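2 protein chains.
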Amino acid sequence: MTSAAAPAEDPIDVSTQYIRDSIRDAIVDRRLAPGTKLSEADVGALFKVSRTLVRGALQALSYEGLVNVEKNRGAFVAYPSPEEARQIFATRRVIEPGILREAAKHIGPSHLQHLRQLLTEEGRLTGERGQTARRAEIKASGDFHLTLASITGNAVMQRFMDELVARSSLVIALYGQSAISSCGHQEHQDIVTAIESDDLDRACHLMVHHIDHIEADLDMRENRGSDLREALGL
Amino acid sequence: MTSAAAPAEDPIDVSTQYIRDSIRDAIVDRRLAPGTKLSEADVGALFKVSRTLVRGALQALSYEGLVNVEKNRGAFVAYPSPEEARQIFATRRVIEPGILREAAKHIGPSHLQHLRQLLTEEGRLTGERGQTARRAEIKASGDFHLTLASITGNAVMQRFMDELVARSSLVIALYGQSAISSCGHQEHQDIVTAIESDDLDRACHLMVHHIDHIEADLDMRENRGSDLREALGL
DNA sequence: ATTCAAATGATCGTATACAATTTGATCACG
DNA sequence: CGTGATCAAATTGTATACGATCATTTGAAT
């Protein structure tokens, strides 16, 4: 593998959870490309732990769809098919309006301030150039949706969104075209504005269209010189 | 622990998956009571495998919320709090109408036949007496919702529903009052009828109310002589 | 009799060892 | 030169071993 986050600093309690989060971040941040093999021994060496802990982390990641574990072959960063991608966005179109309505019940001024803060940060990143800024932008965009989920106070919805956002990042990494995020940012702002003016129907409507736009800006033709690669490497 | 499903017959390849499914079935079927300790050594002995495989199974079950793993203390069958229960049903109210709409897009005659078949079976169980019949009835009720999810062809939604139905079974086991299911059965029939007559809005409406009814028929006062038990045993 | 502390036993966390499977390479043969 | 078989290396699957942590009990002191 290429690189993972923060490999085993000195006084850090390197647990399964830590390894899981590190790899997860690396995948969502696109530092680990889809299809990359995650050898148990290699990962273990990076974190300076035995394969036992690594296996636990990979198993957990497999459960949330970020990693595919193939029997007797090993673990690979997931390579979502176009069909999987469609299913992920279809699920988001179902859940996110529900989250919006649930969040609206519990939202307070501090929540709104937090959301506005996220939007500002997102806007700042939209202006910058370079791969680092783009990564940060994708992450910030995901944070917006995750923050809405956290406002609901519903741990179940929150966990579902965690998974959906992470897998969406993978999909965007694979099939994303270009500067989609700038318009996405505007849409985020519109959604918050609708929430602030208590127009929930409008907010939900905007959310569904926002998800539509994200999906529409993908190029999910089976071939990116990689249909073959998927058939073989996955 | 008391008993688990089919402990290690002769030519069965006892894998992590098999153990996970066995325990999961036992929990959903209420053969394993909430709060029951699942000792790694004991479970391993039952299935005649080492703790390694058991740990994997328990970890997976923990991820889907059926088991709580407490550091250095062990794994216990989950004992969902009233708040957790509310969150589970709130999530179902969001997802299941979406599933209904998604399923309607793909539904065919064979699917409808399958649903009708489930309803017949469910009705038969409603008539019977005894704990075995009640278990089967709860399972059949869950199967109805899972079948709808499978009709969507959306693996993500399907997995979410898997988790929600399993956890709902736990909640009903804990807080369920009595003969709620008979009216639930009627509601299932009404939903299918609405689908058949292409009245999706009505079907969704019925579904939400159905979930409301399931939740309303629970007695979720913190004390069932067991708030204490939860504090200690969990 | 009650309380607290130390010892003991049980259970979990992690590492390591060995078995099983896959993969890749080498070599023989058509 | 291509094809197939055989063997070695690497990787995963599972079991076992050992250290660490927690629960419980014992026993002495108050």
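Note that the protein sequences, when read in sequence, are chains L and D. If you count the first sequence from 1, position 126 lands on 127 in the numbering used here, and the numbers rise without skipping. If you count the second sequence from 1, position 155 lands on 156 in the numbering used here, and the numbers rise without skipping. Glycine included, C-beta positions come from ideal geometry on N, C-alpha and C. All values reported here derive from a predicted model rather than from experimental measurement.
*In terms of DSSP beta bridges, what is valine 29/L paired with?*
For valine 29/L, no pairing in a beta bridge is given by DSSP.
*Nearest to threonine 133/L by CA position, among Ala34/L, Asp30/L, Ser16/L, is which residue?*
Asp30/L
*Rounded to a whole number of angstroms, what is the C-alpha to C-alpha distance between leucine 113/L and serine 198/L?*
12 Å
_For isoleucine 28/L, the nearest candidate out of Glu103/L, Arg168/L, Ile96/L (CA to CA)_ = Among Glu103/L, Arg168/L, Ile96/L, the Cα nearest to that of isoleucine 28/L belongs to Arg168/L.
*asked:* Contact defined as beta carbons within less than 8 Å: I believe alanine 86/D pairs with methionine 208/D. What is the distance between those atoms, to the nearest angstrom?
replied: Wrong, their Cβ atoms sit about 18 Å apart, outside the cutoff.
*the region 97–122 of chain D: which residues have C-beta closer than 7 Å to a C-beta of chain L, in chain order?*
Gly99, Glu103
*Taking the CB atoms as reference points, tell me whether glutamine 88/D and asparagine 155/L lie closer together than 7 Å.*
Yes, Cβ-Cβ distance for glutamine 88/D and asparagine 155/L is below 7 Å.
*Beta-carbon separation of isoleucine 152/D and alanine 195/D under 7 Å?*
no
_According to DSSP, lysine 38/L sits in a beta bridge with which residue or residues?_
Beta-bridge partners assigned by DSSP to lysine 38/L: Phe77/L.
*Bridge partners - leucine 59/D, DSSP secondary structure assignment*: DSSP, once it has assigned bridges, lists no residue as partnering leucine 59/D.
_For leucine 219/D, list the residues DSSP reports as bridge partners._
Paired residues: Gly177/D.
*Got a sec, what are the start and stop residues for the alpha helix (DSSP H) valine 95/D sits in?*
83–107
*Output, in chain order, the set of chain D residues within a Cβ distance shorter than 7 Å of tyrosine 64/L.*
Ala61, Tyr64
*asked:* With a threshold of 8 Å, are at least 3 pairs of Cβ atoms found where one atom belongs to the region 53–68 of chain D and the other to the region 14–23 of chain D?
replied: yes
*Spatially closest choice to phenylalanine 90/D from His186/D, Ala34/D, Glu164/D, by CA coordinates*: Glu164/D
*Straight-line gap, leucine 235/D to leucine 62/D (C-alpha atoms, nearest Å)*: Note on leucine 235/D: pLDDT 36, under 50, position unreliable in the model; no value is reported.
*Residue range of the beta strand (DSSP E) that glutamate 71/L falls in?*
68–71
*asked:* Rounded to whole angstroms, what is the Cα-Cα separation between glutamate 123/L and serine 170/D?
replied: 42 Å
*Quick one: grab the DSSP three-state call for aspartate 117/L.*
As written in the sequence, residue 117/L is arginine, which differs from the aspartate given in the question. If DSSP states are grouped into helix, strand and coil, arginine 117/L belongs with the helices.
*Anything in the region 68–97 of chain L with a Cβ closer than 8 Å to a Cβ of chain D? List those residues in chain order, please.*
Glu85, Gln88, Ile89, Ala91, Thr92, Arg94, Val95, Ile96
*asked:* Within a Cβ cutoff of 7 Å, which residues of the same chain sit near aspartate 200/D, ignoring the five residues on either side of it in sequence?
replied: none
*Taking Cβ to Cβ, would you say valine 193/D is nearer than 7 Å to leucine 116/D?*
Taking 7 Å as the Cβ cut-off, valine 193/D and leucine 116/D qualify as a contacting pair.
*Do histidine 211/L and glutamate 188/L have their C-beta atoms closer together than 7 Å?*
yes
_DSSP three-state label for arginine 130/D, please._
coil
*Answer with yes or no whether the minimum CB distance from alanine 156/D to chain L is below 7 Å.*
yes
*Within the same chain, show all residues whose beta-carbon is closer than 7 Å to that of histidine 186/L, passing over the 5 residues directly before and after it, in chain order.*
Glu123, Gly124, Thr127
*When the Cα atoms are used, what is the spatial distance from lysine 38/D to serine 16/D?*
Between the alpha carbons of lysine 38/D and serine 16/D lies a gap of roughly 21 Å.
_Looking at methionine 162/L: is its Cβ nearer than 7 Å to the Cβ of alanine 174/L?_
no
_Cutoff 6 Å; reference lysine 140/L; Cβ partners in own chain excluding five residues on either side_ = Closer than 6 Å at Cβ, skipping near neighbours: no residue.
_Simplified DSSP state of lysine 49/D, which is helix, strand or coil_ = coil
*What separation, rounded to the nearest whole angstrom, lies between the Cα atoms of leucine 67/D and valine 172/D?*
10 Å
*Apply the 10 Å Cβ neighbour rule to glutamine 60/L and answer buried if 16 or more other Cβ atoms are within range, or exposed otherwise.*
It counts as buried.
_Within-7 Å CB hit, glutamate 231/L to chain D_ = Per-residue confidence for glutamate 231/L stands at a pLDDT of 46, beneath the threshold of 50, marking its modelled position as unreliable; the derived number appears in the next sentence. So no, glutamate 231/L is outside the interface.
*C-beta contact flag for glycine 143/L and valine 95/D at 7 Å*: The criterion of a C-beta distance shorter than 7 Å is not satisfied by glycine 143/L and valine 95/D.
*asked:* Could you tell me the alpha carbon to alpha carbon distance between valine 70/D and leucine 147/L, rounded to whole angstroms?
replied: 25 Å
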